[in-house]
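What follows is a single structure, written as structure tokens, with notes after it.
In my numbering, the protein residues as written are 11 to 190.
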């Protein structure tokens with residue numbers, strides 16, 4: 011969908027990237043992980059340091075539009091492929107579209123091949139639909155809503171952001187989320 015590829019996925023990638031122009035290091039990714047940890051099947055709250063051991067510098071990759079021959083195109087992949095702290099989070103971003111046949115199963119197959127331990131591999135189905143919307147094949151994925159977890163991530167990050175332009179951008183994006 012147009013909204014996912016032009017606005018939402020690039021914006022989320024920029025926030026999750028510890029080297030992003032926002033200058034906030036791992037703040038947004040940490041707050042995102044805290045939201046995931048509150049969901050059934052999400053990361054264990056005690057494991058969050060595996061993902062982000064440093065407040066300022068993340069040694070993980072945050073890649074938009076990842077293509078895998080078998081799995082297809084994944085909207086956003088946040089991963090560390092090496093060492094004891096390997097992890098992988100695939101975010102499938104759905105604004106005004108439904109999943110393709112077997113799409114989430116293909117992404118789960120990609121996750122199974124990732125070198126991270128099973129308890130640090132997650133498929134996130136991010137959408138803007140009502141609470142009743144569930145992915146068709148999403149038994150093994152975390153269902154995240156813009157109006158809940160993403161809004162909470164931004165609100166919890168906001169008091170820690172010092173740069174006025176970043177604060178303004180977050181405020182504007184919260185208004186965009188309200189209109190989804």
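Just so it is clear, CB atoms sit at the ideal spot from N, CA and C, and this is done for glycine as well.
- Rounded to whole angstroms, the gap between the alpha carbons of residue 123 and residue 82 is 14 Å.
- Inter-residue distance for residue 48 and residue 80 is about 31 Å (C-alpha atoms, whole angstroms).
- Residue 86 is a Cβ neighbour of residue 23, given a cutoff of 8 Å.
- Beta-bridge annotation (DSSP): residue 99 is paired with 88, 132.
- Between residue 45 and residue 162, the beta carbon gap of about 6 Å places them in contact (Cβ cut-off 8 Å).
- Restricted to the region 26 to 74, not a single beta strand (DSSP E) segment is unbroken, complete and at least 3 residues in length.
- Per DSSP, residue 17 is not a residue of any beta strand (DSSP E), being assigned neither H nor E.
- By the 16-neighbour rule on beta-carbons within 10 angstroms, residue 93 is exposed.
- Residue 78 places its beta carbon less than 8 Å from that of residue 120.
- Secondary structure note for residue 171: it is in no alpha helix (DSSP H), with a DSSP letter that is neither H nor E.
- CA-to-CA, the gap between residue 75 and residue 180 works out to about 23 Å.
- Beyond the five residues adjoining it in sequence on each side, residue 186 comes within less than 8 Å, by CB distance, of 17 in the same chain, given in chain order.
- Within the same chain, and ignoring the five residues on either side of residue 156 in sequence, the residues whose Cβ sits closer than 6 Å to its Cβ are 138, 187, 190.
- Counting only residues of its own chain and dropping the five nearest sequence neighbours on each side, residue 170 has a CB closer than 8 Å to the CB of 34, 37.
- Restricting attention to 71, 99, 30, 32, the CA atom closest to the CA of residue 53 is found in 99.
- Look at residue 106 here: in three-state DSSP terms it is coil, with no helix or strand label.
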